[in-house]
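When we follow the UniProt record's numbering, the leftmost residue of the sequence shown carries the number 1, and every step to the right adds one.
We treat Cβ as the ideally placed atom computed from N, Cα and C, and that holds for glycine.
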Amino acid sequence: MEIDPRRSRELGMGRPISRRDFFDGVAMAAGAAALSGLAGCGLGANLGRIGTDDLEVPYAVRFPPTLTGLQGNTPAALSVPHALRDDRFWQYAGTPRATGETYDLVVVGGGISGVSAAFEWQRLNPGARILILDNHDEIGGHARRNEFTHRSRRGPLIGCGGSQSIEAPSVWTEEGKALLDQLGVEVHRFEEYYDQELYSGLDMSDSVMCDRESFPAEKLVRLTDDLTPEQLAEQLPIADQAKTDLITLYEDPPDYLEGMSRKQKQEQLASLTYSRYLLDVAKVHPDVERFCRTMSNDEWAYDTTTFGAIDAWGSARGWNYPGFKGLGLDNDKPSRYNSPTMIKEWGAEDPYIYHFPEGNQALVRMMVGRMIPGFASATDMDAITTASYDYGRLDLSTNKVRFRLASPVVSVANDGAPESATSATVGYFDGHTIRTVRAGAVIMACWNMMIPYLMPELPSEQRAALRQAVKMPMLYAMVQLRDWKAWHTAGVDRVRWTGAYWCVSKLDHPVSMPGYDFPRSPDEPANVHMIATPAKGGMAPAQGAVAGRHALIRTPFAHMEYTIRDQLTRLLGSAGFDPERDIEAITVNRWGHGYAPEYCRPWNAFYPDGPFPADTARRQFGRIAIANSDSVPAASADAAITAGHRAVSELMAL
C-alpha cells in the first residue's frame, strides 16, 4: 500500500512513500516539524532508516555486542513505537496475518524483567512453550554488552553499555536473591575478581573537572585521601566568597534549620531540591551550587536542581552533598521521605564491586542460555563472559522457549471479555507485516508508557496511570583506547564534570573473570566509560526526562562522538593524550527511554503515603499481567526481577 503521490509531494519527497517508510523514519524527518510537539520523544532529521530491511540483526554480524556507533534505542528500535504513539501506524500497517503459533506464555520485552519472568515461568512449568518478543536487535534490553578487539590483546575488551552492577546484594529483594542462587552467582567471589586496589595502587584517584561550561577557567582537581576542604577550595576557579562558603559546608556548617524539630527539619528538606537548599537555606555563593550540581547525575540521571534535599542528606558522604552536618539529624535511620531505594539500602555496607565485565547482561545470558539449547556454550558465573553464542538458535521452531529480536509488539488483547478469557492474541511487526500469535497468558515487560497504545481497551484510569511511567534518558558510551597511560600520568581514574555534555568519564571497572583479564598495565588497551544525562534540570524528573529526550533524539551521533573526543582531550591532553591516535572505537548506547525514576520528594506530593500511580498501572487485565521496573518503579535489577516474578504469580493464580 502506498500513499497518494500528492501527499508525497506535500512531504517534499520525490518518490511515493511506502508503508514501511513511515515505520523506519524516512517520512519522520519530513514530518518532524508537525510531530515534534508531541509528548514522550522528539523527532529529528537524524531518524533515517538504520538497520536491515527486515529490522533484524545483520547476518554478517551475528553478534550484536561487536556493533559500534549508535546502539541501544536506535531509530530502528524506536520507529514502530513512535508510529504507534503518533497515531500513524495502523493507517499504513495492513491486515494482520496469523502465524498459527500458540504459546503458553508470550513475554513482551526481552530485558531483565521479561527474561526473568520467562525463566521463572519455565521453572514452574518445565514443558511450557514461551515466546519472548523485543523491538531491539539484542537480548537484555538496557542490559547490554559492548565488545572491542585489539590486535595486541588476547581476546576482546568487554564493557557494559547499560544495567551495570548487582548493587547492594545484601538487601536485594527475595526474588532477586533467589534468582542469583538459581544461577549459581556467588557474589562474594567478586571480592577476588574485582581489583579494588588497582587504581589507588597506581596513585590514581577520583576527581572533579571544573569545566568551561560552568566556570571562567577549566581546572582538574584530584580528590586524594589527604586533600582538605581548604586545599580543594583553593584549587577551584570560583569566587573567593564561594571558596569560604564551600569550606564551611564541608567542615563546620551551622544548623541552617535552627529551632525546628527533627520532624520539621525532614519535612523542610523534603520540600526542597539540593540546589535550592544550598541557595535559599544555606545561602551560599552561586559558584558553590554550580560546583555541586552534577553530584547526583551518575546515580539518579538528573542534577541537583531536581534531586531532593532529603535524598542529598541521605547520600551525604565524602565529597558529596556537603552542608548537612550541622542539622543534628540522626543518621542511624532514614527519613520516611527518602526515596524507596535509599531506605532499602540504608546502612548496607556492600562495596560497589559486584560487577560482571558486561554488567547485568551476564544474568540475562545465563538465563537465556539455560532456556534455549545451543545459544550459549556455557551458562555458569565463571564462564558466561567468555562463552560463545549462537544467535541463530534463539528462534528455532524446535525450541520450547523462543526469543524473537527486532519484533516490536503492536497489539495485545484478551480473546473475549477479560474476566472470562482463556487466551490472548499478540501482534508484532516483522519488518513488513503484522504477525499474530496466540498465548495462554501474556506478560507486558515492556516500557509501561507504551502499554496504552498496545492495549487501548484498558480502563481509562489504568491507561492514565501507565502514561505516568516516563523513563529517564541516559547515554552510556564505551570508548576503546590504545592505552591508558595518559590517565595514569594525570593521576585519575574517574572524573565528574561540573557542566559538560558528558557528566562522568572513568576507566572501566577493574574486574577479571576466569579466562578474562582486565588490563592491569597503563600500556595495555582499555575501555573508558562515559555517562551523559540529558534530562533537563529545575523540574520534576518526568517532565525533565521528556524535555531532555526531545533534545537527545535530535542529537546526531557525530555530535556525541565530537564531545567525547573533545572532553577527553580537555581532560588528558596535557598528559599526552591524542584523540586521533588513542581512540580506537566508540559505542554510544542511547537509552532515550532509560531507567525508571522512583517516587521522590519534593516532586511527588503523594509520597510516601500514597496512593501510588504504579499500583493502578500494573493491575492485571484478564490473561495479561504487567511487569518491568516501571511497575515498581525503581531502576535496579532486582526491582525488575521482582516485577517479573509478581506478574508470573498473578497469572499462575488464574
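By the Cβ rule, the stretch 133-141 counts as touching the stretch 95-114, because three or more pairs are nearer than 8 Å. Between M342 and G314, the C-beta gap is smaller than 8 Å, which places the two residues in contact.
Straight across, the Cα-Cα distance linking S116 with G592 is about 23 Å.
Assigned with DSSP and collapsed to three states, I238 falls in coil, not helix or strand. Taken in chain order, the unbroken stretches of beta strand (DSSP E) that lie wholly in the stretch 447-509 and span 3 residues or more are 472-481, 492-497, 504-507. The stretch 206-224 makes no contact with the stretch 373-380; the number of CB pairs closer than 8 Å stays below 3. Non-local beta-carbon contacts of T66 in its own chain, meaning distances under 6 Å to residues more than five positions away in sequence, involve E147 in chain order. DSSP places Q266 inside the alpha helix (DSSP H), whose first and last residues are 262-270.
Cβ atoms of Q71 and R144 come within 8 Å of each other, at about 7 Å. Under the DSSP assignment, D104 falls in the beta strand (DSSP E) whose first and last residues are 97-108.
DSSP, read as helix, strand or coil, puts S296 in helix.
Counting only unbroken stretches of 3 or more residues, the beta strand (DSSP E) elements lying wholly within the stretch 371-406 are 401-404, in sequence order. Taken through DSSP and simplified to helix, strand or coil, G155 comes out as coil.
Within the stretch 552-614, complete beta strand (DSSP E) segments of at least 3 residues are found at 583-595, given in chain order.
Here M342 carries a helix assignment [DSSP, helix/strand/coil]. In this structure, V401 lies away from Q182, with their beta-carbon atoms at least 8 Å apart. Residue state for F89 is assigned as coil, using DSSP reduced to three classes. As the crow flies, the alpha-carbon of S163 is around 37 Å from that of R262. The residues I112, V115, I139, G140, A143, in chain order, have a CB closer than 7 Å to that of V364 in the same chain once the five nearest residues on each side in sequence are set aside.
In the pairwise beta carbon analysis, the stretch 445-454 is classified as not touching the stretch 597-604: fewer than three pairs are separated by under 8 Å. Judged by DSSP secondary structure, A424 falls within the beta strand (DSSP E) whose first and last residues are 424-429. If you ignore the 5 residues before and after F89, its C-beta comes within less than 6 Å of the C-beta of A83, all in its own chain and listed in chain order.
Here the C-alpha atom of M449 lies approximately 28 Å from the C-alpha atom of L272. In this chain, I641 is not harboured by any beta strand (DSSP E); it is covered by the alpha helix (DSSP H) spanning 637-652. Taken atom to atom, the span from the alpha-carbon of G184 to that of P373 is near 18 Å. If you ignore the 5 residues before and after A168, its C-beta comes within less than 6 Å of the C-beta of E345, A348, D350, all in its own chain and listed in chain order. Taking 8 Å as the upper bound for CB-CB distance, V426 and T433 are not in contact here, some 14 Å apart.
Taking C-beta atoms as the reference points, T642 and G359 fail to come closer than 8 Å.
With respect to D303, R293 sits close: the two C-beta atoms are nearer than 8 Å. Taking the Cβ atoms as the reference, P357 lies roughly 4 Å from I158, within the contact range of under 8 Å. A straight line joining the alpha-carbon of D330 with that of G69 spans about 48 Å.
Contact between G644 and A445 holds: CB atoms are separated by about 6 Å, below the 8 Å threshold. Under the DSSP assignment, F148 falls in the beta strand (DSSP E) whose first and last residues are 145-148. In the three-state scheme derived from DSSP, where H, G and I count as helix and E and B as strand, K219 is classed as strand. The criterion of a C-beta distance shorter than 8 Å is not satisfied by L223 and L571. Around the beta-carbon of D609, fewer than 16 other beta-carbon atoms lie within 10 Å, marking it exposed.
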